[in-house]
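**Student:**
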Ligand code: DLL
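Residue numbers (our numbering): 100 to 531.
Shown next, in the form of structure tokens:
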């Protein structure tokens, strides 16, 4: 088991050799099993034999979220549906989800990667771990769950939505580890303080991710709860949580490089960035069977450090994320694109496509208000049936985003028109 903390780490040369061997196999696999990649490679005049090592990776085409959307739902799967044992899905840019399929082997590798991350956070089979990421199509809940079971910890599959029950069980069960978003953990810390139960807490460690957070926020969580907190990264298209995680030195997130080959590119020129430079993170999945991806553009901005970590691990480390290349927002752990709101509003005849999303953080929980302009035809001195219309839009938005938003209908011509690129988002959240 590679995640065993006593296992010796590979040298850089050994890792590169393993990655090259796996890449060669992968390219042959996608060429023969995924029409999309076969076509792309043929258009570039590439044959599988042209890729001999990771040094040749730049010859290969990129893959984007749009490619997944255009091949919705299962068009990029490399195996027949009978070999897929689970699917997860994440928001697409304009409403259609991106669907990810896993074979039994994919699930087993996923659990191992998460297990490595939990091990970095000090989780062992002695722990009782609450998984408070959402279970369902989102990869957080079931992903963290699989890794915790792999380690043999006692898993409490809380999911999200009932904080009172979570704090009660945390105390009653003597929970020692938790996996959830960092903002939610801050919220939980406030609840525990209000309840006066901090001194009954057995919690030691937390594995937080799915949204950006800073070292300052980590220290705040650690101080409030008297625990250590670790940053876990992942994205559904590539796998889910467990692609990378930080160790107790918190000097970047160790990438599970034997399964996910990282590159940093300059997204303006689409060329590799210089060593240590910040750019867009790109992953090639080296071992996935269900939905293998070649040079998938994550849109996340970071840099890579290949030096050996103080913890002794030799795996490449990505720095904490510095933002995104696109306009994706993460609200309560849910990925939201403004274009999804626009696409949903087009179907509501009573309103115009002018809207403004106001994102804030109250008591460490994200809030979303969407202001929508009523259509002139439906506007009189008082907007008729305002309550009903608000409910209708709330429903449409909830269906589109998978998230509740407060809807505020405003008079025609109220929202600011932009002369340049339209501004649809005011994000008041402060990442401290
Ligand atoms: O958020 C998977 C996940 C679940 C990761 C639980 C960690 C814990 P998606 O919903 O597809 O998957 O969202 C992926 O979320 O491209 C980043 O922009 C952002 N993200 C994920 N983890 C982190 C992190 C899951 N630790 C997108 N720091 C990614 C900053 C993160 N951003």
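In this text, a Cβ means the ideal position worked out from N, Cα and C, and glycines have one as well.
Just to confirm my understanding: we take residue 163, look at its own chain, exclude 5 residues before and 5 after, and list those with CB closer than 8 Å. What are they?
**Tutor:** Numbered from 1 along the chain shown, position 64 holds the residue referred to as residue 163. Around residue 163: 395 and 396.
**Student:** So what does DSSP say about residue 489, is it helix, strand or coil?
**Tutor:** Here residue 489 is taken as the residue at index 390 of the chain shown, counted from 1. Three-state result, residue 489: helix.
**Student:** Can you tell me whether residue 284 sits near the ligand DLL, meaning its C-beta is under 6 Å from at least one heavy atom of the ligand?
**Tutor:** Within the chain shown, residue 284 is the residue found at index 185, counting from 1. No, the beta carbon of residue 284 sits no closer than 6 Å to any heavy atom of the ligand DLL.
**Student:** Please list, in chain order, all residues of the same chain as residue 445 whose beta carbon is under 7 Å from its beta carbon, the five residues on each side excluded.
**Tutor:** Against the chain shown, residue 445 aligns to sequence position 346. The answer, listed in chain order, is 452.
**Student:** By the three-class DSSP mapping on this structure, what secondary structure does residue 353 have?
**Tutor:** Within the chain shown, numbered from 1, the residue matching residue 353 stands at position 254. Here residue 353 sits in strand by DSSP.
**Student:** Is residue 382 near the ligand DLL, in the sense that its beta carbon is under 6 Å from a heavy atom of that ligand?
**Tutor:** Taking the chain shown and counting its residues from 1, the one referred to as residue 382 is at position 283. False, no ligand heavy atom lies under 6 Å from that Cβ.
**Student:** Assuming residue 331 contacts residue 341 under a Cβ cut-off of 8 Å, what Cβ separation, rounded to an integer in Å, is found between them?
**Tutor:** The residue labelled residue 331 in the question sits at position 232 within the chain shown. The residue labelled residue 341 in the question sits at position 242 within the chain shown. Residue 331 to residue 341, Cβ: 7 Å. Contact.
**Student:** Do you know how far the Cα of residue 515 is from the Cα of residue 428?
**Tutor:** Position 329 of the chain shown, counted from the first residue, corresponds to residue 428. Position 416 of the chain shown, counted from the first residue, corresponds to residue 515. Across the structure, residue 428 and residue 515 are spaced so that their CA atoms are roughly 21 Å apart.
**Student:** Excluding five sequence neighbours on each side, which residues of the same chain lie with their C-beta closer than 7 Å to the C-beta of residue 167?
**Tutor:** On the chain shown, position 68 is the one that residue 167 refers to. Answer for residue 167: 175, 197 and 336, listed in chain order.
**Student:** Residues in the same chain with beta-carbon distance under 7 Å from residue 272, minus the five sequence neighbours each way, listed in chain order, please.
**Tutor:** Your numbering for residue 272 matches position 173 in the chain shown. The answer, listed in chain order, is 227 and 255.
**Student:** Candidates 420, 137 and 455: which alpha carbon is nearest residue 436's?
**Tutor:** The count along the chain shown starts at 1 and reaches residue 436 at position 337. Looking at the Cα atoms, 455 is the closest of the given residues.
**Student:** Below 6 Å, is the gap between the Cβ of residue 397 and the nearest heavy atom of the ligand DLL?
**Tutor:** Sequence index remark: in the chain shown, residue 397 carries index 298 (1-based). It does: the Cβ of residue 397 is within 6 Å (strictly closer) of some heavy atom of the ligand DLL.
**Student:** Closer than 6 Å: is that where the CB of residue 366 sits relative to any heavy atom of the ligand DLL?
**Tutor:** Start at 1 with the first residue of the chain shown, and residue 366 comes out as number 267. No, Cβ of residue 366 sits at least 6 Å from all heavy atoms of the ligand DLL.
**Student:** Relative to the C-alpha of residue 258, which residue among 231, 242 and 474 is closest?
**Tutor:** Along the chain shown, one-based indexing puts residue 258 at 159. Selected option, being the one with the closest Cα: 231.
**Student:** List the residues that DSSP assigns as beta-bridge partners of residue 460.
**Tutor:** Translated into the one-based positions of the chain shown, residue 460 becomes position 361. In the DSSP output, where bridge partners are listed per residue, residue 460 has 465.
**Student:** I need the DSSP call for residue 358, collapsed to helix, strand or coil.
**Tutor:** Your numbering for residue 358 matches position 259 in the chain shown. Residue 358: coil per DSSP, three-state reduction.
**Student:** With 16 as the cutoff for other CB atoms within 10 Å, does residue 266 come out buried or exposed?
**Tutor:** Here the question's residue 266 lines up with position 167 in the chain shown. Buried: at least 16 other Cβ atoms inside 10 Å.
**Student:** Would you say residue 398 and residue 424 are within 7 Å of each other, going by their C-beta atoms?
**Tutor:** Locating residue 398 in the chain shown gives position 299, where the first residue counts as 1. Locating residue 424 in the chain shown gives position 325, where the first residue counts as 1. The answer is yes: Cβ separation under 7 Å.
**Student:** What is the C-beta distance between residue 458 and residue 496, in whole angstroms, given that I count them as a contact (C-beta under 8 Å)?
**Tutor:** Residue numbering aside, residue 458 sits at position 359 when the chain shown is read from its first letter. Residue numbering aside, residue 496 sits at position 397 when the chain shown is read from its first letter. Residue 496 and residue 458 do not touch by the CB rule: their CB atoms are close to 14 Å apart, not below 8 Å.
**Student:** Go to residue 282, then tell me how far its alpha helix (DSSP H) extends in each direction, as first and last residue.
**Tutor:** Counting from 1 along the chain shown, the entry for residue 282 is found at position 183. Run containing residue 282: 281 to 294, per the alpha helix (DSSP H) assignment.
**Student:** Is any non-hydrogen atom of the ligand DLL found closer than 6 Å to the C-beta of residue 128, if you look at the structure I gave you?
**Tutor:** Locating residue 128 in the chain shown gives position 29, counting from the first residue. The nearest non-hydrogen atom of the ligand DLL is 6 Å or more from the C-beta of residue 128.
**Student:** What would DSSP say about residue 187, mapped onto helix, strand or coil?
**Tutor:** As a first step, residue 187 is located in the chain shown; it is residue number 88 there, counting from the start. Strand.
**Student:** For residue 577, which of helix, strand or coil comes out of DSSP?
**Tutor:** Because the chain spans 100 through 531 in this model, residue 577 falls outside it and cannot be assessed.
**Student:** Could you check the C-alpha separation between residue 113 and residue 349 for me, to the nearest Å?
**Tutor:** Position 14 of the chain shown holds residue 113. Position 250 of the chain shown holds residue 349. Their Cα atoms are separated by approximately 25 Å.
**Student:** Specify, as a first and last residue, the run of the beta strand (DSSP E) that residue 201 falls within.
**Tutor:** Position 102 of the chain shown, counted from the start, is the residue given in the question as residue 201. Residues 197 to 201.
**Student:** Answer yes or no: the CB of residue 271 versus the heavy atoms of the ligand DLL, is any distance below 6 Å?
**Tutor:** The sequence position of residue 271 within the chain shown is 172, counting from 1. No, the beta carbon of residue 271 sits no closer than 6 Å to any heavy atom of the ligand DLL.
**Student:** What beta strand (DSSP E) runs, 3 residues minimum, are completely inside the region 387 to 458?
**Tutor:** Runs of the beta strand (DSSP E) lying entirely within the region 387 to 458 and spanning at least 3 residues, in chain order: 395 to 401, 428 to 430 and 433 to 435.
**Student:** Can the beta-carbon of residue 200 be found less than 7 Å from the beta-carbon of residue 390?
**Tutor:** Locating residue 200 in the chain shown gives position 101, where the first residue counts as 1. Locating residue 390 in the chain shown gives position 291, where the first residue counts as 1. At the C-beta level, residue 200 and residue 390 come within 7 Å of one another.
**Student:** Sorted by chain position, which residues of the same chain lie with C-beta nearer than 6 Å to residue 237's C-beta, five sequence neighbours on each side aside?
**Tutor:** On the chain shown, residue 237 is found 138 positions in, with the first residue counted as 1. Hits under 6 Å: none found.
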